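A short write-up of the structure that comes next.
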Amino acid sequence: MRETEVLIIGGGPAGLCAAVSALESGASVTILERNRRLGGQLVKQTHMFFGSKEQYASFRGIDIPAILLEKLEKYGDKLRVETDCTALGIYEDGVVTALFGEERYVKYLPKAIVVATGASEKALAFENNDLPGIYGAGAVQTLMNVYGVKPGNKVLMVGAGNIGLIVSYQLMQAGVEVVAVLDAAPKIGGYCVHASKIRRAGVPILVSHTVTRALGDKTLEGAIVCEMDEKFNVIEGTEKRYDCDVMCISVGLTPLTELLGMAGCEMKYVPELSGIVPARNKAYMTSRDGIFVAGDVSGIEEASAAMVEGYLAGLHCAAYAGYKSENFAQKVEDLEGQLAKLRGGPSGAHILRGIQKNVKED
Amino acid sequence: MRIEEHPILTFERGKELTFYLDGEEMKGYEGETIQAAIHANKVKLLGYSSELKRPRGFYCAIGNCSSCMMTVDGVANVKTCTTLLKEGMRVETQKDKGVLR
Ligand SMILES: Cc1cc2nc3c(=O)[nH]c(=O)nc-3n(C[C@H](O)[C@H](O)[C@H](O)COP(=O)(O)OP(=O)(O)OC[C@H]3O[C@@H](n4cnc5c(N)ncnc54)[C@H](O)[C@@H]3O)c2cc1C
Numbered sequence: 270m271r272e273t274e275v276l277i278i279g280g281g282p283a284g285l286c287a288a289v290s291a292l293e294s295g296a297s298v299t300i301l302e303r304n305r306r307l308g309g310q311l312v313k314q315t316h317m318f319f320g321s322k323e324q325y326a327s328f329r330g331i332d333i334p335a336i337l338l339e340k341l342e343k344y345g346d347k348l349r350v351e352t353d354c355t356a357l358g359i360y361e362d363g364v365v366t367a368l369f370g371e372e373r374y375v376k377y378l379p380k381a382i383v384v385a386t387g388a389s390e391k392a393l394a395f396e397n398n399d400l401p402g403i404y405g406a407g408a409v410q411t412l413m414n415v416y417g418v419k420p421g422n423k424v425l426m427v428g429a430g431n432i433g434l435i436v437s438y439q440l441m442q443a444g445v446e447v448v449a450v451l452d453a454a455p456k457i458g459g460y461c462v463h464a465s466k467i468r469r470a471g472v473p474i475l476v477s478h479t480v481t482r483a484l485g486d487k488t489l490e491g492a493i494v495c496e497m498d499e500k501f502n503v504i505e506g507t508e509k510r511y512d513c514d515v516m517c518i519s520v521g522l523t524p525l526t527e528l529l530g531m532a533g534c535e536m537k538y539v540p541e542l543s544g545i546v547p548a549r550n551k552a553y554m555t556s557r558d559g560i561f562v563a564g565d566v567s568g569i570e571e572a573s574a575a576m577v578e579g580y581l582a583g584l585h586c587a588a589y590a591g592y593k594s595e596n597f598a599q600k601v602e603d604l605e606g607q608l609a610k611l612r613g614g615p616s617g618a619h620i621l622r623g624i625q626k627n628v629k630e631d
Numbered sequence: 012m013r014i015e016e017h018p019i020l021t022f023e024r025g026k027e028l029t030f031y032l033d034g035e036e037m038k039g040y041e042g043e044t045i046q047a048a049i050h051a052n053k054v055k056l057l058g059y060s061s062e063l064k065r066p067r068g069f070y071c072a073i074g075n076c077s078s079c080m081m082t083v084d085g086v087a088n089v090k091t092c093t094t095l096l097k098e099g100m101r102v103e104t105q106k107d108k109g110v111l112r
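This is the structure in structure tokens:
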């Protein structure tokens, strides 16, 4: 049994920031990260981030983990970072089991836990949607930007939200042809800047369109695309065939909450937060005492918000473990102010509606 | 299928490794996953579903979905999207559920 005061599951932006503020408060911290490197989704974001200066806007996502890691360096032995280490379960007695590499199992007994496991990509239902060549857009981003491998030659992008648009642009940067970007909604979901870049490169963005069938025997060879009416029904007679050897599905993410569900935390379906999320209070604690959450696992948003939530959850979690930070109230107020600013726009209003449904007044 | 030129990134590839996919010799690099190496060799088909025997490729590339499982050095159900390539590895397209040895 290994001891640590605060155990953080997931070393993405939320988990790393939770570590910073828990350490600053005086607690000892262990981070478990199943990947071989820290940084979560950031390790493949080659574009400049938007948001505000406090959250590193105009930095490229790939450069942000190093900034956070630098903040962690000075804590020396108070911090343990375990990579290639997957948390497997949180038990009734507070024990957390973890798998190091392929076969070494270890138990932890922390005073408090922050779960910051992020999200997974959604799939889309259509005929033959399981053919090899049909990949999550984030998966293609990993293949290209982490491993330097092209997914194929001709890509059809399904989904025109920010991820779909950004990955389309990154495909072109890698020298891959994007045949079209489509979206079932009548409007482009992502930011205009990203959409314009793609249009300027001559790639059509087809709104009110969907894919109804993938073609191919053992791997993808093409797709049937149809127009949709305002009620999202396919319009007969509008079928068009696109030749492509890769299709990227970019229809959103959903929180990766298995650990919390298994731990018996109260879970809720909140569409504004993109799926089933853990109910929590204002101090980021779930219905189970001592289990805190931050970032995409408690609602899909952005790295900027995930970082601020991480700082907050780290403060509250350390306080729970007996290390209430100096100027606790002031720090919390500051960070909550930053979150409110980030959520000032229309997409923020949507997230706030979700949070209102999910967060308990103490 | 490797990216040779990129406006933002440079790829520092590790040592060249030899591995075998269903007996066929292929090249990959140290530090990359089995699935990335296979993909760089232009192969998308990694296995078949256990019930309906439908062809399978990867989907999430970060260890969530289990769509990329293959038999590696005799061990079935290895997630090839998160397992690193090693010199001389024998990777096989998985056709059924696989058995514990
Ligand atoms: C294409 C794309 C573009 C984006 N662009 C922007 C942008 O411009 N600006 C912006 O602010 N945001 C952007 N985002 C969103 C941002 O990347 C995410 O919101 C953010 O990474 C969420 O942080 P997180 O720490 O909650 O989760 P993640 O970054 O997903 O990190 C979770 C970590 O937990 C680990 N983990 C999961 N389960 C376990 C387990 N059982 N045991 C151990 N470790 C585990 C994972 O391996 C991962 O490292 C973008 C996302 C994508 C995909």
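Chains A and B are the protein sequences, given in the same order. Using my numbering, the letters of the first sequence correspond one by one to residues 270 to 631. Using my numbering, the letters of the second sequence correspond one by one to residues 12 to 112. Beta carbons: idealized from backbone N, C-alpha and C, even for Gly. Computed from a prediction, not measured in an experiment: that's the story for all the values here.
The segment 615–625 of chain A / the segment 324–333 of chain A touching (three or more Cβ pairs under 8 Å): no
Chain-ordered neighbours of K487 (chain A) on chain B, where CB pairs are closer than 9 Å: Locating residue 487 (chain A) in the first sequence gives position 218, counting from the first residue. Near K487 (chain A) (Cβ distances below 9 Å), the residues of chain B are K55, L56, P66.
Buried versus exposed call for D452 (chain A) [16 or more other C-beta atoms within 10 Å across all chains shown]: Along the first sequence, read from residue 1 onward, the residue named residue 452 (chain A) stands at position 183. Label assigned to D452 (chain A): buried.
Please classify Q599 (chain A) as buried or exposed, where buried requires at least 16 other C-beta atoms within 10 Å of its C-beta. Translated into the one-based positions of the first sequence, residue 599 (chain A) becomes position 330. Q599 (chain A) is exposed by the Cβ-count criterion.
Under three-state DSSP, which class holds Q439 (chain A)? Taking the first residue of the first sequence as position 1, residue 439 (chain A) is located at position 170. The answer is helix: DSSP assigns Q439 (chain A) an H, G or I state.
For E541 (chain A), which residues in the same chain have their Cβ closer than 6 Å to its Cβ, ignoring the five residues on either side in sequence? Working through the first sequence from its first residue, we reach residue 541 (chain A) at position 272. Excluding residues within five positions, the ones whose Cβ falls inside 6 Å are H619, R622, G623.
Does the distance from the CB of G280 (chain A) to the CB of L307 (chain A) come in under 9 Å? Taking the first sequence and counting its residues from 1, the one referred to as residue 280 (chain A) is at position 11. Taking the first sequence and counting its residues from 1, the one referred to as residue 307 (chain A) is at position 38. Yes. Within cutoff.
Measuring only the C-alpha atoms, how far is K593 (chain A) from C513 (chain A)? Here the question's residue 593 (chain A) lines up with position 324 in the first sequence. Here the question's residue 513 (chain A) lines up with position 244 in the first sequence. Each residue's Cα considered, the two are about 56 Å apart.
Is A563 (chain A) near V384 (chain A), with beta carbons less than 9 Å apart? Within the first sequence, residue 563 (chain A) is the residue found at index 294, counting from 1. Within the first sequence, residue 384 (chain A) is the residue found at index 115, counting from 1. The answer is yes: Cβ separation under 9 Å.
Starting from the beta carbon of F22 (chain B), find every residue of chain A whose beta carbon is closer than 7 Å, and list them in chain order. Taking the second sequence and counting its residues from 1, the one referred to as residue 22 (chain B) is at position 11. The contacting residues are G417.
Cβ of T411 (chain A) within 9 Å of any chain B Cβ: To locate residue 411 (chain A), count along the first sequence from 1; it is residue 142. Yes - at least one Cβ of chain B is within 9 Å of the one on T411 (chain A).
Give me the Cβ distance between M554 (chain A) and I560 (chain A), rounded to the nearest whole Å; I'm assuming they're in contact under 8 Å. On the first sequence, residue 554 (chain A) is found 285 positions in, with the first residue counted as 1. On the first sequence, residue 560 (chain A) is found 291 positions in, with the first residue counted as 1. That pair is a contact at about 7 Å.
According to DSSP, is Y59 (chain B) helix, strand or coil? By 1-based counting over the second sequence, the position of residue 59 (chain B) is 48. In this structure, Y59 (chain B) counts as strand in the three-state DSSP scheme.
N105 (chain B), DSSP secondary structure in three states: Residue numbering aside, residue 105 (chain B) sits at position 94 when the second sequence is read from its first letter. The identity of residue 105 (chain B) in the sequence shown is Gln, whereas the question assumes Asn. Strand at Q105 (chain B).
Please state whether the Cβ-Cβ distance between R303 (chain A) and G74 (chain B) is less than 9 Å. Here residue 303 (chain A) refers to the residue found at position 34 of the first sequence. Here residue 74 (chain B) refers to the residue found at position 63 of the second sequence. Yes. Within cutoff.
Against chain B, with Cβ distances strictly below 9 Å, would I403 (chain A) count as a contact? As a position in the first sequence, residue 403 (chain A) is number 134, starting the count at 1. Yes, I403 (chain A) lies at the interface with chain B (some Cβ there is under 9 Å from its Cβ).
Just to check, is the beta-carbon of N304 (chain A) closer than 8 Å to a non-hydrogen atom of ligand 1? Translated into positions along the first sequence, residue 304 (chain A) becomes position 35. N304 (chain A): yes, Cβ under 8 Å from ligand 1.
Name the chain B residues that come within less than 8 Å of N414 (chain A), Cβ to Cβ? As a working mapping, residue 414 (chain A) is identified with position 145 in the first sequence. Under the 8 Å cutoff, chain B gives L20.
Could you tell me if S77 (chain B) is buried or exposed, where buried requires 16 or more neighbouring beta carbons within 10 angstroms of its beta carbon? For the purposes of this step, residue 77 (chain B) is taken as the residue at position 66 of the second sequence. With fewer than 16 other Cβ atoms within 10 Å, it is exposed.
Own chain residues within Cβ distance below 7 Å of F501 (chain A), not counting five before or after: For the purposes of this step, residue 501 (chain A) is taken as the residue at position 232 of the first sequence. Excluding residues within five positions, the ones whose Cβ falls inside 7 Å are A453.
Is any heavy atom in ligand 1 found nearer than 8 Å to the beta carbon of N627 (chain A)? Along the first sequence, read from residue 1 onward, the residue named residue 627 (chain A) stands at position 358. Result no, Cβ not under 8 Å from ligand 1.
Bridge-paired residues (DSSP) for H478 (chain A): The count along the first sequence starts at 1 and reaches residue 478 (chain A) at position 209. Partner(s): A:E496.
Hey, how far is the Cα of V445 (chain A) from the Cα of A470 (chain A)? If you number the first sequence from 1, residue 445 (chain A) lands on position 176. If you number the first sequence from 1, residue 470 (chain A) lands on position 201. Computed Cα separation, rounded: 12 Å.
Counting beta carbon pairs with one atom in the segment 579–588 of chain A and one in the segment 14–22 of chain B, are three or more of them shorter than 8 Å? no
Could you tell me whether any Cβ in chain A is nearer than 9 Å to the Cβ of M12 (chain B)? In the second sequence, the residue the question calls residue 12 (chain B) occupies position 1. For M12 (chain B), the answer is yes, since a Cβ of chain A falls inside 9 Å of its Cβ.
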